[in-house]
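Going by the numbering used here, the sequence shown opens with residue 10, and the numbers climb by one from there. From the three backbone atoms N, C-alpha and C, an ideal C-beta is built for every residue, glycine too. Written below as structure tokens is the structure these notes are about.
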Amino acid sequence: MTLFNPSLSRRALLAGGGALALAGCGERQRPFFSAEAHPGDYPTTLAVEAMGRMLAERSDGRLAIRIYSGGQLGGERDTLELTMFGGIDMNRVNLAPLNSFAPDTALLSLPFLFRSVAHSRRAMDGAPGEAILESLTPHGLIGLCFYDSGERSFYTTRRPIETPADMRGLKIRVQNSDLYVSLVEGLGGNATPMDYGEVYQGLMQGVIDGAENNWPSYESSRHFEAARYFSLTNHVMAPEVLVMSARTWAGIGEADRALIRECARDSVPIMREIWDARVEASRERVIAAGVQVNEIEDLEPFADMMRPVWDRFVRTDHQRDLLAQIEQMAGE
Ligand code: GTR
């Protein structure tokens, strides 16, 4: 068996990116390489796979996508950097690692923003979503589409969270994003930024007391084996995003760009169907495995403590305007 060596393959990818840039607009020599933190059967992986099939069909086999799933190419922050430099063509990431350099992405990550899944879908599909995807372009990334990520809740190793007071002193792993740091600190916890791939061990070894995520990630990462209390805070519903490297994009002709956008868009409803089923399946699996699910009667005290997070990450008139549009979509 050949062991996969991430640093070697990263170098190989960078070399491949260079060759592609030299090839300019000519025939593509190889598929688009796409990074994915989740395993092969996760809804985001399946969605990009579906997109790849559509792309191959509609381009008569000229265009294809090869997915490197399971975090083979590294954590999301690293793979994003590689994507900006053209070493990776495509990347499916959460919005969190984009928060620090593309500030409008923080809007969709604000705690307790969305009233329902339907509300978040309207925002992603509508003008605010379009504007946020476009805000990635100056950073070397072409935003192709959003995918669902459901609601994130806290899970802990020693006791459930019933009120914000239960967060006090707990070391909670967060994604590499200042927004998540201030969210956890705003609730009284100690935020510990860490790559997704390190969380399982962190929980097992007691380096952290908990983390936060949606049902499918909690289940597929097996974090539930170490953190048995899942407390339904439903504090964030930040979507996933599929991006393409602007460097790769520069070497693609107009017609193929339109085709790529079309296939990405068409993969969204497919993803949502897979996602909804997976949320249910994951919830059932972890409950069957003995996880204690803790319903929280009153989320108001949590939401009330999040004002400083909103104030810190919504700063410009442009952001306030986008946010007002998103809020108006709540009850449509
Ligand atoms: C998942 C998300 C991943 C990653 C992960 C994390 O829900 O799909 O892209 O952001 O959470 O917490 O790091």
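### Message
In the DSSP assignment, the alpha helix (DSSP H) including Val300 goes from what residue to what residue?
### Response
Mapped onto the sequence shown, residue 300 falls at position 291. Counting along the chain, Val300 falls outside any alpha helix (DSSP H), and DSSP gives it neither H nor E.
### Query
Taking Gly198 as the reference, which of Leu212, Arg182, Val250 and Glu207 has the closest Cα?
For the purposes of this step, residue 198 is identified with residue 189 of the sequence shown, where counting begins at 1. Measuring from the Cα of Gly198, the nearest candidate turns out to be Arg182.
### Query
Excluding the five sequence neighbours on either side, which residues of its own chain have a C-beta within less than 6 angstroms of the C-beta of Pro169, listed in chain order?
For this step, residue 169 is matched to residue 160 along the sequence shown. For Pro169, where only same-chain residues beyond five positions count, the Cβ hits under 6 angstroms are Tyr238, Ser240 and Asn303.
### Query
What are the complete alpha helix (DSSP H) segments, minimum 4 residues, inside the stretch 61 to 108?
Segments of the alpha helix (DSSP H) lying fully in the stretch 61 to 108: 85 to 93.
### Query
Would you say the beta carbon of Asn303 comes nearer than 7 angstroms to a heavy atom of the ligand GTR?
Working through the sequence shown from its first residue, we reach residue 303 at position 294. Placement of the Cβ of Asn303 at a distance of 7 angstroms or more from every heavy atom of the ligand GTR is found.
### Ala345: first and last residue of the uninterrupted alpha helix (DSSP H) it sits in
Absent from the model: residue 345. The displayed extent of the chain is 10 to 341, so no value can be given.
### Message
At a threshold of 7 angstroms, does Tyr205 count as lining the ligand GTR (C-beta to nearest heavy atom)?
### Response
Along the sequence shown, read from residue 1 onward, the residue named residue 205 stands at position 196. Answer for Tyr205: yes, Cβ within range of the ligand GTR.
### Query
For the ligand GTR, is there a heavy atom less than 7 angstroms away from the beta-carbon of Thr53?
By 1-based counting over the sequence shown, the position of residue 53 is 44. Distances taken from the Cβ of Thr53 to the heavy atoms of the ligand GTR include one shorter than 7 angstroms.
### Task
List in chain order: all unbroken alpha helix (DSSP H) runs of 4+ residues lying wholly within the stretch 235 to 303.
DSSP runs (the alpha helix (DSSP H)) wholly in the stretch 235 to 303: 255 to 259 and 263 to 297.
### Message
For a test of the three-state rule: what should DSSP assign to Pro310, helix, strand or coil?
### Response
For the purposes of this step, residue 310 is taken as residue 301 along the sequence shown, with counting starting at 1. The answer is helix: DSSP assigns Pro310 an H, G or I state.
### Message
Taking the straight line between their C-alpha atoms, what separation do you get for Glu143 and Gly211?
### Response
For the purposes of this step, residue 143 is identified with residue 134 of the sequence shown, where counting begins at 1. For the purposes of this step, residue 211 is identified with residue 202 of the sequence shown, where counting begins at 1. Taken atom to atom, the span from the alpha-carbon of Glu143 to that of Gly211 is near 36 angstroms.
### Query
With which residues is Leu212 paired in a DSSP beta bridge?
Counting from one through the sequence shown, the residue named residue 212 turns up at place 203. Note: Leu212 sits in no beta bridge, so no partner.
### Task
Please go through the stretch 140 to 217 and give each complete alpha helix (DSSP H) segment of 4 or more residues, from N-terminal end onward.
187 to 195 and 208 to 213, all fully within the stretch 140 to 217.
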